[in-house]
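Student:
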Amino acid sequence: QTKLVVAGSSTEYGHTTSFWEGPIPETAPLIPVTPYGVSKVATEMLCRQYFLNYQLPMVVVRLFVHVGTGHTENQAIQNFCLQVAEIEAGVRPPV
596 QTKLVVAGSS
606 TEYGHTTSFW
616 EGPIPETAPL
626 IPVTPYGVSK
636 VATEMLCRQY
646 FLNYQLPMVV
656 VRLFVHVGTG
666 HTENQAIQNF
676 CLQVAEIEAG
686 VRPPV
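Our numbering puts the first residue of the sequence shown at 596, with every later residue one more than the last.
1) Going by DSSP, name the residue or residues bridged to A602.
2) Taking the alpha helix (DSSP H) that I682 belongs to, which residues open and close that run?
3) Roughly how many whole angstroms lie between the Cα atoms of V655 and S604?
4) Quick one: is the Cβ of G685 within less than 6 angstroms of any heavy atom of the ligand HEM?
5) Which same chain residues end up closer than 7 angstroms to P688 when comparing Cβ atoms and leaving out the 5 residues on each side of it in sequence?
6) State buried or exposed for K598, treating a residue as buried only when at least 16 other CB atoms are found within 10 Å of its CB.
7) Nearest CA to the CA of T622: which residue from Y608, K635, V628, V679?
8) Give the DSSP-derived three-state secondary structure of V686 in the structure shown.
9) What residue does the alpha helix (DSSP H) around G632 start on, and which one ends it?
10) Is I619 closer than 7 angstroms to T611 when the C-beta atoms are compared?
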């Protein structure tokens with residue numbers, strides 16, 4: 596049977612660091628603060644409707660680690676890259 600895998604995003608949670616210390620539980624409210632986050636919540640809700648109306652089996656995963664431009668510095672890969680750049684520029688001592 597066909598199963599749909601939907602790529603969600605951690606941006607669906609919004610400013611989670613203001614509310615959660617450590618891992619964000621799946622029960623955390625979805626309060627997106629960017630158009631991208633809103634689009635991901637809307638996609639997930641549409642998928643839910645397809646499941647409820649047509650029993651289309653699906654899995655939604657909320658991904659947290661992405662590589663690319665436009666991410667905040669509090670994400671692991673972006674933070675690591677910033678540290679490396681600062682070390683190479685002589686702004687930060689090596690660890």
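Where a beta carbon is used, it is the ideal one built from N, C-alpha and C, also for glycine.
Tutor: Checking against the coordinates, here is how it stands:
1) V656
2) 671–683
3) 9 angstroms
4) With respect to the ligand HEM, the structure offers nothing, as it holds no ligand at all.
5) none
6) exposed
7) Y608
8) coil
9) 630–649
10) yes
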